Every structure is written in structure tokens, then in C-alpha cells.
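The next block holds one structure in the form of C-alpha cells; read it before the comments.
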Amino acid sequence: MYGSCVHVACIMDGNGRWARQRGLPRTAGHTAGEENLAAVVRAAVRLGVDHLTVFGFSTENWVRPRQEVRHILGLHEKLFGRITELDELNVRVRWIGRPFAERSARTPRYVQRAIAKAIRDTESNTGMTLTVAFDYGSRTEIAHAAETLRRSGRPVTVESIASCLYEPELPAVDVLVRTSGETRVSNFLLWQSQGAPISFAEAAWPDYSSSDLEDAIALARRTSSSPN
Ligand code: IPE
Ligand code: IPE
Ligand code: MG
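For the sequence shown, my numbering gives the first residue as 786, with consecutive numbering after it.
Right under this line is the structure:
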């Protein structure tokens, strides 16, 4: 954490379990999760977070049932379409994931368009940056950086790899959040979260609250003030 910059990164997990506990289909859990993300964005802005980065859909998640995947895609179109709301909050939207032009990329055209529009329309906002990871995998990102360097013939160093990540300006993560009582890391920002504390929340993502977020920020602050 440099100066007042706070970067919170969330693995938004537990939508399926949230729905199952209520006797609802998994898709209902994802819908509730998307709505809660909008609420968490508002809370993050209020609490002075500078960067909120969220794991929306992983490179591994494509193997889920087709109907569930289609539902999640639609929710991302909705999320990236929340431009008025994001403008009101002065939030700038970014995206990380497999570049659309790459053969391995899986993001369908209509989601690509929603992503491009959200980035363009919110570009001049100067408040919090919301980065959504979609069709994202951290290992794939690091491999992509290594391959970029190999092709350009540049030496492979920590600095050169960092400069070839999907979003090189993304600052180091100050606290990594994982919801739904799942106490393990994911394929998410492995490079960027080196040394970051992990805030494990019992709540499933649709129930993750602003007070949970306050706990995570407090953990980031405590950790940044402790020596190496
Ligand atoms: C996270 O919730 C959302 C995505 C991975 C898209 P899950 O769908 O993983 O929910 P659980 O872990 O099965 O409860
Ligand atoms: C993590 O959830 C991915 C997202 C939140 C999009 P998963 O439920 O897919 O988690 P892993 O892959 O088991 O870590
Ligand atoms: Mg899960």
C-alpha cells in the first residue's frame, strides 16, 4: 500500500452454495452475486478504495454446464452495461483476461462489445478503478507475458514480466478477499498479490457486506504498517 492507495482484490466465490441453501438454481446465486457486486462497488467507493479487482469468470469455468455459462455471460453484459451508475460513482472500468484476438480466448462477441464500451465510456472517470477479470487465469497471464518477452527477444526479469501482464498499471494487491469460507488461493492475481494478506470471509459472495469489506481494508492497513 503506497500512501493512501488501497487495492482490494476479491475472489467472488459461493454463488452456487448460496442458491442451493435457498433451494434455488445456481443461476439465481449468480444473479444475486452480480447485484451484490454493484453494492460492494458502492461501499468500496464510500470507504475510499482506489482499486477494486474482482474475479468474475475464470479460464477454468468454461467447463460448467452450458446454461450456467450462458447465464453468467449475460450477467457480465449487464455488469459492464451499468455505465450510468458507474459514472455517478466516478468509477473507471477496466478488464483483464485472455486478449480477444488470441486463439485461446473464449469471450463471445457481445460480451467483448460490452467490455469495450464500458472501458471507453468510463475512461475519463477519476475515482476508483474497477477491474473485472473475465476469461482470466493468472497462470495463463504469466505465460502470456513470458511468451511476449520471448517473441520480442527481451530479457526475462521480474520487471519485464510485470510490464507484460494484461494490465501493467494495476498496482500490487493490498488485500486478497475470498468469500464462502473457502480457505485456499485461486488462479487469480498470483503475481500481483505476492505478500498480500488474505481476508477469508464466511459469507457467500451474494451476502458479502460492507462491514466484511471494512474488515478486509483494516487487515490491509495493519499489514502495511508491519515491517517485512
Ligand atoms: C463463484 O461462485 C462464481 C463463479 C465462479 C462464476 P461459484 O459458482 O463458484 O459458487 P460455488 O463455489 O459453487 O458455491
Ligand atoms: C473462483 O471460483 C473463480 C471465480 C470467482 C470466478 P471457483 O469456484 O471457480 O474457484 P476455484 O477455481 O476452485 O479456485
Ligand atoms: Mg466456487
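In this text, a Cβ means the ideal position worked out from N, Cα and C, and glycines have one as well. Computed from a predicted structure; not experimentally measured.
Under a 10 Å Cβ-count criterion, residue 880 is classified as buried, with 16 or more other Cβ atoms of the shown protein chains found around its own Cβ. In this structure, residue 992 has its beta carbon at no less than 7 Å from each heavy atom of ligand 3.
Residue 927 places its beta carbon 8 Å or farther from that of residue 961. By alpha-carbon distance to residue 803, the top candidate from 790, 817 and 794 is 817. Rounded to whole angstroms, the separation of the alpha carbons of residue 866 and residue 952 is 21 Å. The straight-line gap separating the alpha-carbon atoms of residue 910 and residue 827 is approximately 15 Å. Fully enclosed beta strand (DSSP E) runs of no fewer than 3 residues occupy 792 to 796 and 836 to 843 of the region 789 to 857, in order along the chain. Scanning the region 886 to 918 for uninterrupted alpha helix (DSSP H) segments of 4 residues or longer gives 894 to 907, listed from N- to C-terminal end.
For residue 966, the Cβ stays outside the 7 Å cut-off from all heavy atoms of ligand 3. Three or more beta-carbon pairs separated by less than 8 Å are not found between the region 901 to 910 and the region 938 to 947, which leaves the two stretches without contact. Within a 10 Å sphere around the beta-carbon of residue 963 sit 16 or more other beta-carbons, which makes this residue buried.
The straight-line gap separating the alpha-carbon atoms of residue 974 and residue 959 is approximately 12 Å. In the structure shown, the three-state DSSP call for residue 950 is coil.
Taking 8 Å as the cut-off, the Cβ atoms of residue 921 and residue 843 count as close. With respect to the C-alpha of residue 868, the residue from 993, 878 and 914 having the closest C-alpha is 878. Looking from the CA of residue 797, the closest CA among 1000, 1010, 1004 and 993 belongs to 993.
At a cut-off of 3 residues, the continuous stretches assigned as beta strand (DSSP E) that sit fully inside the region 921 to 967 are 960 to 963.
With 5 Å as the limit, the residues whose C-beta approaches any heavy atom of ligand 1 more closely are 798, 799, 800, 801 and 802, in sequence along the chain. In its chain, beyond the 5 residues on either side, 890 have a beta carbon closer than 7 Å to the beta carbon of residue 884. Here residue 841 is not near residue 856, since their CB atoms are 8 Å or more apart. Residue 934 and residue 849 have their C-alpha atoms roughly 33 Å apart.
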